[in-house]
Amino acid sequence: MVGIVAGMAMHEPTFFILTALAEGPQHGYGVMQTVARLSGDRVTLRAGTLYAALDRLTTEGLLTVDREEALQGRLRRYYRLTDAGSAALGAEVVRMRSAASMAAARLRTHGGFALAAGGATLAASGLALAAGGAA
Amino acid sequence: MNDEPALERAYRRLLLAYPRRFRRDRGTEILTTLLDAAPPGRRRPTAWDAVDLIVGGIRARFLPPPGALNAVTATLAALLVGIGGAAATGWLGWQASTTMPSAQAAAATAHTAFGEPATDPVADPGDPLDQDWLGMRTSPGDEGNTGPHPAPGAVQVRLRTGSQDPVSVLAGARERMVAAGWRTDGSTADNVFWASKGDQVVRVTARAGDRTPDGGGSWSEGDPVSLMVSVHRPAPGAVTVLTLAGLLAGAVTGWLAAAWALHARARHRSRLRVATLVLGLSSLTLGVTTVLLPALAGVAGLASIDGWSPHDSLVAAAAVRGAGVLAYVTALGLAGTAVLAVLAPATPAPAGPLPRAKHPVLWLVALSLLVAFLGLSGQIAL
Chain U
1 MVGIVAGMAM
11 HEPTFFILTA
21 LAEGPQHGYG
31 VMQTVARLSG
41 DRVTLRAGTL
51 YAALDRLTTE
61 GLLTVDREEA
71 LQGRLRRYYR
81 LTDAGSAALG
91 AEVVRMRSAA
101 SMAAARLRTH
111 GGFALAAGGA
121 TLAASGLALA
131 AGGAA
Chain B
136 MNDEPALERA
146 YRRLLLAYPR
156 RFRRDRGTEI
166 LTTLLDAAPP
176 GRRRPTAWDA
186 VDLIVGGIRA
196 RFLPPPGALN
206 AVTATLAALL
216 VGIGGAAATG
226 WLGWQASTTM
236 PSAQAAAATA
246 HTAFGEPATD
256 PVADPGDPLD
266 QDWLGMRTSP
276 GDEGNTGPHP
286 APGAVQVRLR
296 TGSQDPVSVL
306 AGARERMVAA
316 GWRTDGSTAD
326 NVFWASKGDQ
336 VVRVTARAGD
346 RTPDGGGSWS
356 EGDPVSLMVS
366 VHRPAPGAVT
376 VLTLAGLLAG
386 AVTGWLAAAW
396 ALHARARHRS
406 RLRVATLVLG
416 LSSLTLGVTT
426 VLLPALAGVA
436 GLASIDGWSP
446 HDSLVAAAAV
456 RGAGVLAYVT
466 ALGLAGTAVL
476 AVLAPATPAP
486 AGPLPRAKHP
496 VLWLVALSLL
506 VAFLGLSGQI
516 AL
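Just so you know, the protein sequences line up as chains U and B, in that order.
Here the first sequence stands for residues 1 to 135, numbered as in this note's numbering.
Here the second sequence stands for residues 136 to 517, numbered as in this note's numbering.
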């Protein structure tokens with residue numbers, strides 16, 4: 001069971017929140033902005049979703065409150081990664097890297113097979129790979 | 136950044152979706168973030184922000200913390216407490232209903248069937264939680280009872296006739312009852328028929344021998360025929376409704392209590408956190424093995440029988456009684472878990488890696504298996 005959990009992919013919002021905080025402590029709105037920037041506006045965190053995640057990650061010990069700024073009825077809490085949070089993000093990076101290189105290796109094998117089967121296929125898949133690389 | 140007071144009021148209203156504890160800890164912070172994120176001049180929250188906050192509030196109120204194990208725990212708690220609720224309301228409803236005819240009413244019915252005054256009615260309250268009775272519904276069905284399903288309790292009256300022919304004795308009884316306005320059912324056997332009228336469901340049998348209602352005497356071929364009338368009341372239909380209501384109320388309670396306890400557990404420091412987990416998980420395991428599984432087996436058994444008798448809804452109560460003292464142990468364990476959850480601090484445990492027991496999952500699984508084993512062996516022994 002532990003093995004399965006360790007091998008499981010992190011949810012994307014979680015990944016981006018931890019990545020955003022890897023740069024240094026940030027408050028809620030800062031995390032929102034950084035996640036949007038890092039993901040090329042693909043991942044938009046709304047407040048309800050963000051705070052559900054921050055709450056869970058704090059409870060799990062991956063984040064902690066760095067400091068608070070209270071001013072005129074407003075409250076900004078800055079969060080930072082704990083050592084456990086850095087370790088979890090590091091483990092996710094290793095997992096993603098190994099998954100990516102495994103996929104790349106299999107894709108190369110597939111390309112090799114296409115080479116043997118016929119030149120036209122090779123040209124087509126080579127083109128597709130080039131296009132994918134450019135995107 | 137936005138300082139529109141109308142927007143702030145609207146956000147505050149949306150934050151009411153969250154539980155009070157969450158609002159107290161996070162309300163101002165979330166509001167600040169929402170106002171930070173709103174472009175200048177915005178006066179009302181966007182529809183997506185509103186949906187997001189309402190969904191977030193519902194999740195915080197009604198869902199356990201994320202994770203498959205938490206979801207399974209809450210589901211099992213909902214099923215188990217649901218069965219408990221169904222058992223309680225079903226049993227109380229049954230107790231509150233009249234499920235036995237009076238001796239006088241039974242004697243009057245027997246008088247009709249016998250064609251002469253009936254004497255010595257014997258009341259047998261039966262056992263509504265008898266698993267056999269719950270399943271025995273097939274046999275009255277086989278006997279062609281298409282009237283209401285009877286409750287197990289009955290008042291029995293016997294008449295010793297001078298006849299040697301059970302078929303003609305029974306035909307005579309049937310004629311007299313039909314003449315008195317009873318609805319009788321076609322029988323596939325020639326020594327029994329069922330009849331119903333008003334609040335009585337009656338089984339009439341004729342057989343050679345001097346068997347008495349209280350179990351004395353014996354059936355024996357060649358003897359004069361005894362005519363036996365068992366007067367039942369219909370199983371009370373309200374019990375089905377009450378049982379379903381109890382099931383629903385229990386399931387909702389179990390789910391919410393589990394979600395709440397799982398959140399509370401996460402705020403505990405490591406030692407109490409483990410204690411809550413161990414007590415909660417072992418009580419749940421005990422309840423699942425001793426109450427939930429037998430109840431589900433009972434429901435599966437009922438599903439194989441045609442039709443539905445209100446009496447069938449006592450299957451939950453029968454499962455709880457079947458678990459005996461272990462049902463109480465389960466209830467105590469769950470109550471203890473709730474107490475541990477109440478003791479949780481209002482704010483989460485300090486962050487950072489928690490001191491963990493060695494191989495916690497392994498020894499929890501071992502402990503659960505041990506409890507399940509004790510539960511099952513205890514149940515067999517009882």
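Think of the CB as a built atom: it goes at the ideal place given N, C-alpha and C, for glycine as much as any other residue.
**Message:** With a threshold of 8 Å, are at least 3 pairs of Cβ atoms found where one atom belongs to the segment 366 to 374 of chain B and the other to the segment 225 to 240 of chain B?
**Reply:** yes
**Reduced DSSP category for B:L489 - H, G, I as helix; E, B as strand; rest coil** = Unreliable placement is indicated for B:L489, whose pLDDT of 49 sits below 50; no coordinate value is reported for it.
**Prompt:** With 16 as the cutoff for other CB atoms within 10 Å, does B:Q291 come out buried or exposed?
**Reply:** buried
**Message:** By the three-class DSSP mapping on this structure, what secondary structure does B:A481 have?
**Reply:** coil
**Item:** First through last residue of the alpha helix (DSSP H) which encompasses B:H398
**Value:** 373 to 402
**Item:** Beta-bridge partners of B:G344, as assigned by DSSP
**Value:** B:W354
**Message:** Do B:A393 and B:A242 count as a contact pair if the criterion is CB distance below 7 Å?
**Reply:** no
**Message:** Can you look up B:S303 in the DSSP assignment and give me helix, strand or coil?
**Reply:** helix
**Message:** Distance cutoff 7 Å, beta carbons only. Does B:E164 sit that close to anything in chain U?
**Reply:** yes
**Prompt:** Is the Cβ of U:Y29 closer than 7 Å to any Cβ of chain B?
**Reply:** yes
**Item:** Where U:Y78 sits in the DSSP three-state scheme
**Value:** strand
**Request:** Could you please tell me which residues of the segment 159 to 191 of chain B, in chain order, have their CB closer than 7 Å to any CB of chain U?
**Result:** R161, T163, E164, I165, T167, T168, L169, D171, A172, W183, D184, D187, L188, V190, G191
**Request:** Measure from the C-beta of U:L21 to each C-beta in chain B and report whether the shortest distance is under 7 Å.
**Result:** no
**Prompt:** Secondary structure at U:E69, three-state DSSP: helix, strand or coil?
**Reply:** strand
**Request:** Could you name each continuous alpha helix (DSSP H) segment of 4 residues or more that falls completely within the segment 167 to 219 of chain B, going from the start of the chain to the end?
**Result:** 182 to 197
**Prompt:** By a C-beta neighbour count over all protein chains shown, 10 Å radius and 16 as the cutoff for buried, is U:L71 buried or exposed?
**Reply:** exposed
**Message:** Quick check on U:A52 - is its C-beta less than 7 Å from some C-beta in chain B?
**Reply:** yes
**Asked** What's the C-alpha gap between U:R97 and U:A87?
**Response** 15 Å
**Request:** Could you tell me which chain U residues have their CB closer than 8 Å to the CB of B:A401, listed as they occur along the chain?
**Result:** T59
**Asked** Should B:D184 and U:R46 be called a contact, given that it needs their Cβ atoms to be closer than 7 Å?
**Response** yes
**Asked** With respect to the beta strand (DSSP E) encompassing B:L294, which residues constitute its N-terminal and C-terminal limits?
**Response** 289 to 295
**Item:** chain B contacts made by the segment 40 to 51 of chain U, where a contact means CB separation under 7 Å
**Value:** R46, A47, G48, T49, Y51
**Prompt:** First and last residue of the beta strand (DSSP E) that includes U:L152?
**Reply:** Given a span of 1 to 135 for chain U in the structure shown, any question on residue 152 of chain U remains unanswerable.
**Prompt:** Is the Cβ-Cβ distance between U:Y29 and B:A172 less than 7 Å?
**Reply:** yes
**Message:** Let me see if you follow: with CB-CB separation under 7 Å, is B:A486 close to chain U or not?
**Reply:** Below a pLDDT of 50, predicted positions are generally treated as unreliable, and B:A486, at 47, falls in that range; the measurement from the model is reported next regardless. So yes, B:A486 belongs to the interface.
**Message:** Using C-beta distances below 8 Å, list every residue in its chain close to B:T378, excluding the 5 sequence neighbours before and after it, in chain order.
**Reply:** A221, T224, G225, G228, S448, L449, A451
**Prompt:** What are the boundary residues of the alpha helix (DSSP H) that B:D320 is part of?
**Reply:** Note, B:D320: premise wrong, no alpha helix (DSSP H); not H, not E.
**Prompt:** If you drop the 5 nearest sequence neighbours on each side, which residues of the same chain put their C-beta closer than 7 Å to that of B:A384?
**Reply:** G220
**Asked** Leaving out five residues before and five after B:S355 in sequence, what residues of the same chain have Cβ atoms less than 6 Å from its Cβ?
**Response** G344
**Item:** Residue from B:I218, B:L416, B:E139, B:R179 whose Cα sits closest to the Cα of B:L499
**Value:** B:L416
**Close Cβ partners of B:G381 (< 7 Å) along its chain, the five nearest in sequence each way excluded** = G220, A221, A223, T224, G225
**Request:** Kindly indicate which three-state DSSP category B:P429 falls into: helix, strand or coil?
**Result:** helix
**Item:** chain B contact for U:L75 (CB, 7 Å cutoff)
**Value:** yes
**Request:** For the alpha helix (DSSP H) holding B:L416, just list the boundary residues, first then last.
**Result:** 405 to 422
**Request:** Return the chain-ordered list of same chain residues with a C-beta closer than 7 Å to the C-beta of B:P260, the five sequence neighbours on each side being excluded.
**Result:** M235, G288
**Asked** Considering only C-alpha positions, which residue in the set U:M10, U:H27, U:T14 is nearest to U:R80?
**Response** U:H27
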